[in-house]
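**Q** Can you keep this structure in mind? I'll have questions shortly.
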Amino acid sequence: AWTIVGLRGRLGFTGAIEARLLRPVRVAVELTGRGRITSDTSRVVKVAVTLSQEDELAFRGTFSFALLDESGAARLFGGAVPEAWKRFCR
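In our numbering, the protein residues as written are 20 to 109.
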């Protein structure tokens with residue numbers, strides 16, 4: 020989700036996940052996450068994600084995010100969009 024916020028300046032809601040757990044991760048050991056946009060339309064953005072720990076790949080996945088305008092986000096939230104999030108709902 021931070022890939023969408025950081026690279027598109029938009030708020031995305033998870034529509035689908037395809038994930039592969041490659042190895043266990045240890046508690047209290049730093050993880051490195053990377054997200055890369057692989058497909059980008061006006062309504063749906065797909066992001067390839069990896070998580071690594073101690074230089075070993077632990078997770079690989081693809082997330083599909085639906086991009087909503089403010090009224091669509093309000094319907095999903097069941098109420099008003101928080102003021103701080105409105106700038107990401109265009």
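Built from N, CA and C at the ideal position, the CB exists for glycine as well.
Since E75 sits in a beta bridge, which residues does DSSP pair it with?
**A** Bridge partners of E75: Q72.
**Q** What span of residues does the beta strand (DSSP E) with R42 cover, start to end?
**A** Per DSSP, R42 belongs to no beta strand (DSSP E) and is neither H nor E.
**Q** Starting from the N-terminal side, write out each stretch of the alpha helix (DSSP H) that is 4 residues or longer and does not extend beyond the region 84-108.
**A** Fully enclosed alpha helix (DSSP H) runs of 4 or longer: 89-96.
**Q** What three-state label does DSSP hand L50 in the structure shown?
**A** Strand, per DSSP.
**Q** If you check the beta carbons only, do R53 and F107 fall under 8 Å apart?
**A** No.
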